[in-house]
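Undergrad:
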Amino acid sequence: MTYAHPESMRGHVAIVTGAAQGVGKGVAVALLERGASVLLVDIQGDKLRATTAELRQLGRAEELVADLRDPDSAPRIAAAAVEAFGSVHGLVNNAIATNEPKRFVDITLEDWALGHDVGPRATFLLMQAVHPLMVEAGGGSIVNLGSGTGTGGEPRWGGYAAAKEGIRGLSKVAALEWGRDNVRVNVVCPFAESDGVKLWKQFAPDDYTKAVKRVPMKRIGDVRSDVGALVAFLLGTDATFITGQTIHVDGGIGCFR
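Numbering (the numbering used here), first residue to last: 209 to 465.
1. Report yes if the CB atom of R392 is closer than 7 Å to the CB atom of T451, and no otherwise.
2. Does M425 pass the burial test, meaning 16 or more other C-beta atoms within 10 Å, or should it be called exposed?
3. Taking the runs of the beta strand (DSSP E) that are 3 residues or longer, which of them lie wholly in the region 268 to 312?
4. Give me the Cα-Cα distance between N302 and W320, rounded to the nearest whole angstrom.
5. From E241 to D314, what does the alpha carbon distance come to, in whole angstroms?
6. Counting only runs of 3+ residues fully inside the region 321 to 387, write out the beta strand (DSSP E) ranges in chain order.
7. In terms of residue numbering, what span does the alpha helix (DSSP H) encompassing T417 cover?
8. Counting Cβ pairs, one atom from each stretch, are 3 or more of them under 8 Å apart for the region 367 to 382 and the region 392 to 404?
9. Quick one: residues in its chain with C-beta nearer than 6 Å to the C-beta of G177, no 5 flanking neighbours on either side, listed in chain order?
10. Mapping the DSSP letters down to three states, classify N245 as helix, strand or coil.
11. Tell me the DSSP secondary structure of D434 in three-state form.
12. State buried or exposed for L247, treating a residue as buried only when at least 16 other CB atoms are found within 10 Å of its CB.
13. Using a 10 Å radius around the Cβ and a threshold of 16 neighbouring Cβ atoms, would you call R329 buried or exposed?
14. Using three-state DSSP, classify D250 as helix, strand or coil.
15. Taking DSSP's pairing of strands, which residues face I223 in a bridge?
16. What would DSSP say about G429, mapped onto helix, strand or coil?
17. Going straight from the alpha carbon of K421 to that of S245, what length do you get?
18. On the DSSP bridge assignment, give the partners of R392 in chain order.
19. Within its chain, find whatever has a CB closer than 8 Å to the CB of V290; leave out the 5 residues flanking it on each side and keep chain order.
20. Which residues mark the beginning and the end of the beta strand (DSSP E) in which I484 is found?
21. Is DSSP giving A228 helix, strand or coil here?
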C-alpha cells in the first residue's frame, strides 16, 4: 500500500500508544506523512524521546511517557492530546505487554495481569477517555491492534491471545454503540516486523519459521507501508462507512480466520 497524500489528514489529531518502536512507530510515521498531528505515547522514556525527535522532521509530533498499567494514565493521555493539539479525532491502541511464551498450564496470574492491564483494560479506559472528545469534534475513529495469535490461536501464547481477543470484543461492542455518534472502531491484526514478532522469533524460532513459510506472499509486512498505511486509511475520511471490522494485514496467512 503506497497511497500517501501529504494533505489527506491535515487537521487530524491522533494518539498512538506503544509508539516508540515497531508497529506503533510505523503507524505514527504513516499518519505524520499524511499531515496528521500525533501524540506518541510509550513507557520507554528515552526511546520515546528519540523517536519523537526523529519524527518531528515529518510533522507535528509530541510525546508523553505513560505506564498504561496505571488506570489514571488514560485521562492524562487524552488531556495531553487536547493541550498539545486542541482536539482528538483518532486513537490507535497499539501498546501491549507480555512475558515469555509458556505452556497453558504454566501461565501465572502475574503473566495474565500484565497482558490484560496493558491490553484490554488500557484500551477500554482510553476509548472511554477519548469518546466525548470525538463526539465534541463531530466524530472520530479508533483502531485497536489485535493479533492472529488470538483469531487463530498459537501454542504457548494463551495469555497474549486472550488479551488480544478481549480487545476485539470491546471493539465490536463500541462499534455498535458509538456508530450513532459517528465514532468508528475497527481492529487491525498485523503480521509485520514488530517487536512482538521479533520476540516470537527469539523465543520460538521454529514456530516463527513455519509461520513465515505459510505466508502466501512470502514476506513479512512493513510496519509503515503495510500496517501504518492501513491504519491511516481507517482513521481517515476515505473509510467513513467502515466500522466493527477485523482486518488482517498479514500477507494472507490469516485468510482462514
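Glycine residues also receive a C-beta, built at the ideal position from the N, C-alpha and C atoms.
TA: On the basis of the data shown:
1. Contact: yes.
2. M425 is exposed by the Cβ-count criterion.
3. Secondary structure remark: continuous beta strand (DSSP E) runs of at least 3 residues inside the region 268 to 312, in chain order: 269 to 273 and 298 to 301.
4. When the Cα atoms are used, N302 and W320 turn out to be separated by approximately 18 Å.
5. One alpha carbon belongs to E241, the other to D314, and they sit about 44 Å apart.
6. As far as the region 321 to 387 is concerned, its whole beta strand (DSSP E) runs of at least 3 residues are 348 to 353.
7. Unbroken alpha helix (DSSP H) run through T417: P413 to R422.
8. Taking 8 Å as the limit for Cβ pairs, the verdict is that the region 392 to 404 does touch the region 367 to 382.
9. Given that the chain is displayed from residue 209 to residue 465, the structure contains no residue 177 and the question cannot be resolved.
10. Note on residue identity: the sequence assigns Ser, not Asn, to residue 245. Strand.
11. The DSSP-derived three-state label of D434 is helix.
12. Buried.
13. Residue environment: R329 is assigned as buried (16 or more neighbouring CB atoms within 10 Å of its CB, all protein chains considered).
14. Under the three-state reduction of DSSP output, D250 falls in the strand class.
15. According to DSSP, I223 bridges with L247 and L299.
16. If DSSP states are grouped into helix, strand and coil, G429 belongs with the strands.
17. Approximately 38 Å, taken between the alpha carbons.
18. As a beta-bridge residue in DSSP terms, R392 pairs with S349.
19. In chain order, V296 and L341 place their CB closer than 8 Å to the CB of V290, counting only its own chain and leaving out the 5 sequence neighbours on each side.
20. Residue coverage of the chain in this structure runs from 209 to 465, which leaves residue 484 outside it and unanswerable.
21. In the structure shown, A228 sits in coil (DSSP, three-state: anything other than H, G, I, E or B).
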